[in-house]
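Each remark here refers to the structure printed beneath this line.
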Amino acid sequence: MDPVAAARAFVEELFPGALYAFVGGSVLTGLRTATSDLDVVVVLDGLPAPYRESLRWREWPVELFAHSETSLAVYVDDGFEQRRPVLARICAEGAVVTDRTGGRASDLQSELADRLADGPSGLTDGQADRFRYVLSDLLDDLSGATDPGERAFIGWEVVQAAARTALGVGRAWQGSGKWLLRELRAHDAKLADELLDARDDPARLAAVATDVLERAGGRLWEGYRTQGDPFHQPLRHVPSGALSGETAQSGGMRRLAAVSGATTGSSRLWMGQTHVAPATRSSDHHHGASETAIYVVSGTPSFVFLEEGRERRIDAGPGDYVFVPPYVPHREENPDPSHEAVVVIARSTQEAVVVNLPDLRQH
């Protein structure tokens with residue numbers, strides 16, 4: 001059975017209700033080996049939490065990536081941000097094995113192919129300096145190594161650091177293991193061959209890596225700094241009347257930002273207020289990767305979520321705290337017909353991530 005037919009049968013047997021699914025990876029290319037597995041991405045409606053599983057189905061080893069549409073988008077974006085778009089490649093460069101959505105799988109393929117073709121954003125000065133410093137430091141270690149074992153280990157670190165530096169300054173995608181070599185071959189096949197040919201010859205390897213350093217801006221070790229003084233920064237005061245409504249919103253409630261990247265320059269924290277009018281409920285939503293802590297200031301808000309497929313309600317009052325884990329669909333309700341509910345919210349991201357949903361199921 002060919003890989004696409006095998007993946008189609010796998011999905012039909014184990015996930016007959018899948019919205020859509022892809023198969024990709026080496027198994028569809030000329031790089032396929034006897035141990036290549038089926039890389040299968042399955043998108044399911046209402047999946048409570050994404051997961052990855054390694055399993056064997058019939059004679060095939062399978063790497064399964066199970067997602068909802070929401071979680072797939074988050075994981076894909078994270079891969080692009082990390083410059084290692086593994087899931088995006090499986091979807092964009094693989095084959096659609098099922099699609100019950102009328103074409104959303106093909107649309108996603110086209111979108112991801114365009115993003116892959118655009119390449120990553122250029123390096124910041126700090127990122128470029130880091131690549132240069134790491135490679136410069138390794139070359140010093142290589143030149144001073146006298147133990148054959150240490151020299152061998154350092155040599156492989158030089159090969160990988162030179163590859164990552166070339167990919168970084170060349171605005172190409174990164175990889176790990178075999179994918180680092182594949183990305184480098186796609187970006188600069190000549191350099192890939194030179195690094196492999198020189199891997200057991202310290203002098204030749206140093207010459208090749210030094211050439212990469214020159215492309216990146218030259219050797220950088222003495223005087224390299226990564227950070228200034230983090231201990232003597234000014235405090236920021238946000239008066240109660242200065243809260244900003246310029247933040248993500250959901251229907252049925254009003255959010256006001258107090259501490260955020262935009263208001264105070266915070267990098268890992270968001271704080272603000274939420275107001276829910278009398279006899280009102282918010283739209284269903286989640287907050288992405290953010291952990292959310294809620295403190296009830298006034299009113300009697302209720303927080304509604306799904307547990308084992310059934311709605312569960314937490315009724316809260318002034319002084320109570322509620323914790324919302326990442327990606328959990330929920331909504332706020334205010335059953336009081338006369339008074340609004342006011343809560344203070346803290347999140348573990350510097351912006352108020354809000355993903356509005358048609359209902360409480362994960363989509």
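Residue numbering for the sequence shown follows the UniProt record's numbering, beginning at 1 and increasing consecutively. Quick reminder that beta carbons are idealized off the backbone N, C-alpha and C, glycines included. Note that the coordinates shown come from a computational prediction; the quantities given were computed from them, not determined experimentally.
task: Quickly, what does DSSP pair Gln271 with across the bridge? List them, please.
output: As a position in the sequence shown, residue 271 is number 271, starting the count at 1. It should be noted that the sequence gives Met, not Gln, for residue 271. Met271 pairs with Val259, Ala346.
Extent of the continuous alpha helix (DSSP H) run through Ser110: To locate residue 110, count along the sequence shown from 1; it is residue 110. 104-118 is the extent of the alpha helix (DSSP H) around Ser110.
field: Neighbourhood of Cys28 by C-beta distance below 7 angstroms, restricted to the same chain and skipping five residues each side
entry: Your numbering for residue 28 matches position 28 in the sequence shown. Here residue 28 turns out to be Leu, not Cys, going by the sequence shown. Counting only Cβ-Cβ distances below 7 angstroms, and skipping sequence neighbours, we find Pro3, Gly94, Ala95.
query: In its own chain, which residues sit with a C-beta less than 7 angstroms from the C-beta of Thr101, not counting the 5 before and 5 after it?
result: Looking up residue 101 in the sequence shown gives position 101. Its chain contains Leu19, Tyr20 as the residues whose beta carbon lies nearer than 7 angstroms to that of Thr101, once the 5 sequence neighbours on both sides are disregarded; these appear in chain order.
message: Less than 8 angstroms between the beta carbons of Leu64 and Val43, yes or no?
response: Against the sequence shown, residue 64 aligns to sequence position 64. Against the sequence shown, residue 43 aligns to sequence position 43. With contacts defined as CB atoms closer than 8 angstroms, Leu64 and Val43 fail to qualify as a contacting pair.
- request: Kindly identify the DSSP beta-bridge partner or partners of Gly24.
  value: Stepping through the sequence shown from its first residue, residue 24 is reached at position 24. Looking at the DSSP assignment, Gly24 forms a beta bridge with Asp39.
task: Under the assumption that Ala92 contacts Ala113 (Cβ atoms under 8 angstroms), give the Cβ distance between them as a whole number of angstroms.
output: Along the sequence shown, read from residue 1 onward, the residue named residue 92 stands at position 92. Along the sequence shown, read from residue 1 onward, the residue named residue 113 stands at position 113. With a contact defined as Cβ atoms closer than 8 angstroms, Ala92 and Ala113 qualify at about 4 angstroms.
Distance between Leu180 and Ala192 (C-alpha atoms, nearest Å): Residue 192 sits at position 192 when you count from the first residue of the sequence shown. Residue 180 sits at position 180 when you count from the first residue of the sequence shown. Each residue's alpha carbon lies about 10 angstroms from the other.
Whole-angstrom distance between Thr124 and Arg32, CA atom to CA atom: Taking the first residue of the sequence shown as position 1, residue 32 is located at position 32. Taking the first residue of the sequence shown as position 1, residue 124 is located at position 124. Here the alpha carbon of Arg32 sits roughly 36 angstroms from the alpha carbon of Thr124.
- prompt: Quick check: the segment 290-297 against the segment 344-360, are there 3 or more CB pairs under 8 angstroms?
  reply: Three or more beta-carbon pairs drawn from the segment 290-297 and the segment 344-360 are found closer than 8 angstroms, and the two stretches are therefore classed as touching.
field: Reference Ala6; option with closest CA among Gly17, Ala257, Val23
entry: For the purposes of this step, residue 6 is taken as residue 6 along the sequence shown, with counting starting at 1. Comparing alpha carbon positions, the residue from Gly17, Ala257, Val23 closest to Ala6 is Val23.
query: Cα-Cα, which of Ser302, Ile314, Val355, Gly319 is closest to Asp336?
result: Taking the sequence shown and counting its residues from 1, the one referred to as residue 336 is at position 336. Ranking the options by Cα distance to Asp336, first place goes to Ser302.
task: Under 8 angstroms by Cβ, that's how I've got Tyr133 and Tyr224 pegged, so tell me the actual separation to the nearest angstrom.
output: Here the question's residue 133 lines up with position 133 in the sequence shown. Here the question's residue 224 lines up with position 224 in the sequence shown. Contact between Tyr133 and Tyr224 holds, since their C-beta atoms are separated by about 5 angstroms, short of 8 angstroms.
- prompt: In chain order, what residues of the same chain lie with their CB nearer than 7 angstroms to the CB of Val86, ignoring the 5 residues before and after it?
  reply: Within the sequence shown, the letter at position 86 stands for residue 86. The answer, listed in chain order, is Gly79.
message: Beta-carbon within less than 8 angstroms of Ser282's beta-carbon, same chain only, minus the 5 sequence neighbours each way: which residues are those?
response: Reading the sequence shown from its first residue, position 282 is the one you call residue 282. Excluding positions up to five away in sequence, the list reads Ser250, Gly251, Gly252, Met253, Val276, Arg331, Glu332, Glu333.
- prompt: Going straight from the alpha carbon of Glu340 to that of Ala9, what length do you get?
  reply: Position 340 of the sequence shown, counted from the first residue, corresponds to residue 340. Position 9 of the sequence shown, counted from the first residue, corresponds to residue 9. If you take the alpha carbons of Glu340 and Ala9, they lie about 54 angstroms apart.
query: In the DSSP assignment, what residue or residues form a beta bridge with Val276?
result: The sequence position of residue 276 within the sequence shown is 276, counting from 1. Ala341, per the DSSP bridge assignment.
query: In its own chain, which residues sit with a C-beta less than 8 angstroms from the C-beta of Arg199, not counting the 5 before and 5 after it?
result: Position 199 of the sequence shown holds residue 199. Result list for Arg199: Gly155, Trp156, Val159, Leu205, in chain order.
query: How about Val212: is its Cβ closer than 7 angstroms to a heavy atom in the ligand SAM?
result: Inclusion of the ligand SAM in the displayed structure is not the case, the ligand content being empty and no account of it being possible.
- request: Kindly list the residues whose CB is nearer than 8 angstroms to the CB of Leu243, restricted to its own chain and excluding five residues on each side of it in sequence; keep chain order.
  value: Your numbering for residue 243 matches position 243 in the sequence shown. Once the five neighbours on either side are set aside, the close Cβ partners of Leu243 are Leu256, Ala257, Ala258, Gly272, Gln273.
field: Cα-Cα separation between Gly317 and Val354, rounded to whole angstroms
entry: The residue labelled residue 317 in the question sits at position 317 within the sequence shown. The residue labelled residue 354 in the question sits at position 354 within the sequence shown. Near 24 angstroms, if we compare the C-alpha coordinates of Val354 and Gly317.
task: Please report how far the alpha carbon of Ile50 lies from the alpha carbon of Asp77, in whole angstroms.
output: Against the sequence shown, residue 50 aligns to sequence position 50. Against the sequence shown, residue 77 aligns to sequence position 77. A quick correction: the sequence has Pro, not Ile, at residue 50. Computed Cα separation, rounded: 15 angstroms.
field: Inter-residue Cα distance where the pair is Gly175 and Thr280
entry: What you label residue 175 is simply residue 175 of the sequence shown in a count that begins at 1. What you label residue 280 is simply residue 280 of the sequence shown in a count that begins at 1. Across the structure, Gly175 and Thr280 are spaced so that their CA atoms are roughly 49 angstroms apart.
field: C-alpha distance - Asp140 paired with Gln82, whole-angstrom precision
entry: Sequence index remark: in the sequence shown, residue 140 carries index 140 (1-based). Sequence index remark: in the sequence shown, residue 82 carries index 82 (1-based). Straight across, the Cα-Cα distance linking Asp140 with Gln82 is about 28 angstroms.
- prompt: Pick from Val342, Ala262, Arg52: whose alpha carbon is nearest that of Val296?
  reply: Numbered from its first residue, the sequence shown carries residue 296 at position 296. Nearest of Val342, Ala262, Arg52 to Val296, Cα basis: Val342.
- prompt: How close, in whole Å, do the beta carbons of Ser136 and Arg215 come, if the pair is a contact with beta carbons under 8 angstroms?
  reply: Locating residue 136 in the sequence shown gives position 136, where the first residue counts as 1. Locating residue 215 in the sequence shown gives position 215, where the first residue counts as 1. Their Cβ separation, rounded to whole angstroms, is 13 angstroms, which puts Ser136 and Arg215 out of contact at 8 angstroms.
message: Only counting the same chain, and skipping five residues up and downstream in sequence, which positions put a Cβ closer than 7 angstroms to that of Ala209?
response: Taking the first residue of the sequence shown as position 1, residue 209 is located at position 209. The residues are Leu135, Leu139, Val158, Ala162.
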